[in-house]
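Peer 1:
In full-length UniProt numbering, the protein residues as written are 1 to 133.
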């Protein structure tokens with residue numbers, strides 16, 4: 001397994017980005033790689049980072065404005081070759097169908113449950129590693 005993985009976190013809210021950083025920790029699970037967080041506050045920054053490559057998982061905030069994480073997720077799934085897995089932060093459990101529409105690989109509700117978030121992130125990191133192998 002690679003030594004570190006890069007996780008892109010997109011939210012216009014600095015508190016949300018901090019909550020993601022804290023919930024993920026240095027390593028979301030014992031069998032997952034250590035992570036480095038790349039924070040983005042705008043959709044153009046997300047697209048630039050993905051075009052440069054090296055992103056292992058994206059965490060997108062569905063409540064971000066003006067370009068919400070759900071729309072950004074759908075866009076990158078359409079436009080980015082070998083798009084990394086996406087973990088979508090949704091406002092309420094009833095929004096799970098929107099996460100499916102956006103083609104997110106996983107979704108967790110906000111405010112974050114650190115255990116559920118770390119579990120979902122670790123699952124995507126494991127899957128990413130298996131796909132690349």
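Beta carbons: idealized from backbone N, C-alpha and C, even for Gly.
Could you tell me how far apart the beta carbons of residue 87 and residue 108 are, in whole angstroms, since I believe they sit closer than 8 Å?
Peer 2: The Cβ separation is near 7 Å, so the contact holds.
Peer 1: Note down, in chain order, each residue of its chain lying with its Cβ closer than 7 Å to the Cβ of residue 56, except the 5 sequence neighbours on either side.
Peer 2: Here the set comprises 5, 6, 7, 84, 125, 128.
Peer 1: In terms of alpha-carbon separation, which member of 44, 69, 53, 48 lies closest to residue 110?
Peer 2: Selected option, being the one with the closest Cα: 69.
Peer 1: Distance, Cα to Cα, residue 18 vs residue 117?
Peer 2: Cα to Cα, the separation comes out at about 13 Å.
Peer 1: If you follow the beta strand (DSSP E) that residue 55 is in, where does it begin and where does it stop?
Peer 2: That residue, residue 55, is in no beta strand (DSSP E); it is neither H nor E in DSSP.
Peer 1: Just checking my contact of residue 34 with residue 21 at CB under 8 Å: how many whole Å lie between their CB atoms?
Peer 2: With a Cβ gap of about 13 Å, residue 34 and residue 21 do not count as contacting.
Peer 1: Nearest to residue 12 by CA position, among 37, 41, 36, 123, is which residue?
Peer 2: Comparing Cα positions, the closest option is 41.
Peer 1: Consult DSSP for residue 12 and reduce its assignment to one of helix, strand or coil.
Peer 2: In the structure shown, residue 12 sits in coil (DSSP, three-state: anything other than H, G, I, E or B).
Peer 1: Apart from the five residues just before and just after residue 99, which ones in its own chain have a Cβ nearer than 6 Å to its Cβ?
Peer 2: So the qualifying residues of the chain are 88, 90, 107.
Peer 1: With distances taken Cα to Cα, identify the nearest neighbour of residue 104 among 120, 28, 30.
Peer 2: With distances taken between Cα atoms, residue 104 lies closest to 120.
Peer 1: What number of angstroms, rounded off, separates the C-alpha of residue 51 from the C-alpha of residue 16?
Peer 2: One C-alpha to the other measures close to 24 Å.
Peer 1: Whole angstroms are fine: how far does the CA of residue 46 sit from the CA of residue 14?
Peer 2: C-alpha separation (whole angstroms): 15 Å.
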